[in-house]
Structure formats: C-alpha cells, structure tokens
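Going by the working numbering, the sequence shown opens with residue 519, and the numbers climb by one from there. For glycine and all other residues, C-beta sits at the position ideal for the given N, C-alpha and C. This structure is a prediction, so every number in the text was calculated from the model and none was measured. Report on the following structure.
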Amino acid sequence: MAATESVLNPVEAAGVPVTELSATTGLVDYDGDGLSDDQERVLGTFPFFDDSDDDGFTDGEEVARQSDPLDFYSVPLIEEVSANLTARGEESAALLVLVIYEPAGALGQSFVRLGALRGGQVVSVPLARFSSLMTYTSQITSSGGQLICAELPIPPNFLEAAGEVTFFVAAGDTVSQSYSAAAKVDVSSVGGVPLMRRTSVAQSSLQASQGGGSVRQPIPGSASPSIPSNWVPGSICFQRSAVVGGNGPIMLHQIIEADCLQGWDTFCVSDCSAALGSTYETIDPIALIGG
Ligand SMILES: [Ca+2]
Ligand SMILES: [Ca+2]
C-alpha cells in the first residue's frame, strides 16, 4: 500500500508543470484536430476530418476531455483541466499518447502526473526526463481551450519484460491544488505486436446480456501489412472480466470470457483463448484522484 500513497496525495512534488513539457514537433496531423494521423487510425476516428461525429468538438478535444469522439451524443463534460491516455504503434514499438486540455487556454497553471503500474508496483514516469523523446502538437481550440497531444515511445524491451503495463495520468491546476481528471491505458506486447486494452461495447447478443467487456487491440504502425483488411476498431480478442480483488486504486481482474473474433486468428492463437481464467491488475483512475 505504501507504494500507492504518494500517488493518492494530490499536488505533490512529482507533478510536472505543463510548461516544462518542451519537445520537438513533428507529428503528422492532417486535419489539425490534435491527434496524429496514425493515432486516429488506431482510435477509428477520421484522420481527414477534425470532428468525426460532427458534434462540434474536435476529436482531439473529445479524447482529452474524455468524451467519445465517435458518438454524437457524447460531448465533453469536464470543465476543468483534463487529460487522457491512449497508445499507438510505430513499427514494432508502442507509443504512449498523452492528451491534455485546459479550458481557459492557460495550461501553464496546470500540472500533470504520469505513472505506471507494473507488476503491482506504482512508479512515477518523470516526464521532464523524457521530454526530448516526445513529439507533440499544441493548439488553441475553437472553444478557447489549449490542447496538447504528446507522444512518448515505450521501450519494446520494457513491454516484453513487463507483460501488461497500466499507464496513468492525473491532471490538476495549481490554483485549486487538486486533481480534476485522471485516466489510464493498459498496454502490452505479444510476439512483438503492441496491444492496447480498450473498453468495448458488446459484440454479440450473448456478450450484451452479460455486460460489456474489453478488447486487446493490436496497435501496429499504419504501414504494417499484418492488419487484417476487415479490421474495425475493437474487433480482436473480446474479453470480459470481473473484479476479484483490489488494493486501493489497484484492481485485480479475472478474465471470464475470451472470444477470438473473426479475422484475428493470427493475433489470437497465442493470446486470446489462453487468457481465459488469467488475471491482470489495473488502476481505477477515479480512485486514483479520490473521486
Ligand atoms: Ca488528426
Ligand atoms: Ca466530435
């Protein structure tokens, strides 16, 4: 428990002022919504249209503010500084994608805390140390907020050795001295293919009757020939899990259903069916910030 105490303590020294995030730019973001073209292909949003669901909020802003960029009826609700995490692949490596939004356009008064849960231990990721490795976009949105999207490579040997890693972010502002948003993403690597666990809507009536689940979705680079042509976001190994234990913000899940979905046999053979009955740890981002 001691390992998580510092994470739960808001606004502590390890938080990094957003203004310290300096890096080279270089992301290809054709539609200017703050998300790179390659990231949009992973998320299923349109790389060439900045508002995929036409609800008035750009894809990047929706991801940062934790609404669904593919659902017209899902719009941002968080009015304070917000952040979110996702991931994408580049060749055989995975990249962690950090998206931050500040409604007043003054990210300098905000801070972010990035960390990882790996093998039951919570560790801080010192953003400033990795800033030279990051590429990012920064813009003022039509609503007047500031949006930053930073991409940080995850060392492949780190993922292979760790199995599945939960990265988390918490964001807050220095005035109220509290966190206003937190999010996490689960990233792993199987056979050199980086995977991201995502919340999924049920993909069959049976699954629907049993509640939702998650998918472990491959996130290889856009040039990879190994992506099945019938790929749609979320269509790989559907897994349903149940919470079987926990310790503070750390939650232990057991996989109680694992279906390899059509077209993903290559990815699923070693991973999907074998996952049945196994457990994994992740973080509850709401518990992380005491919400
Ligand atoms: Ca884009
Ligand atoms: Ca939208």
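### Runs of beta strand (DSSP E) lying entirely within the segment 653–727, each at least 3 residues, in chain order
653–658, 664–672, 682–691, 696–708 and 711–718
### Query
Can G623 and G662 be called in contact, C-beta distance under 8 Å?
yes
### Task
Go ahead and pull the three-state DSSP assignment for G578.
helix
### Task
Collect the residues with a C-beta less than 7 Å away from any heavy atom of ligand 1 and give them in sequence order along the chain.
D547, Y548, D549, G550, D551, G552, L553, S554, D555, E558, P565, D568, D577 and G578
### Message
I need the boundaries of the alpha helix (DSSP H) containing F648, first residue and last residue.
### Response
L645 to F648
### Nearest-angstrom beta carbon gap, V630 and A601 [assumed within contact, 8 Å]
6 Å
### Query
What are the residues that DSSP puts in a beta bridge with S642?
G633
### Secondary structure of G766, DSSP reduced to three states
coil
### Query
For the alpha helix (DSSP H) that R559 lies in, which residues bound it at each end?
D555 to L561
### Message
Please state the DSSP three-state secondary structure of G607.
### Response
strand
### Query
Thinking just about the alpha-carbon of each residue, which of T659, R636, G795 and P671 is nearest to the one in S650?
P671
### Status (buried if at least 16 other CB within 10 Å, exposed otherwise) for S694
exposed
### Query
How about T576 and D556: do their beta carbons lie closer than 8 Å?
no
### Query
For P594, is the beta carbon positioned less than 7 Å from some heavy atom of ligand 2?
no
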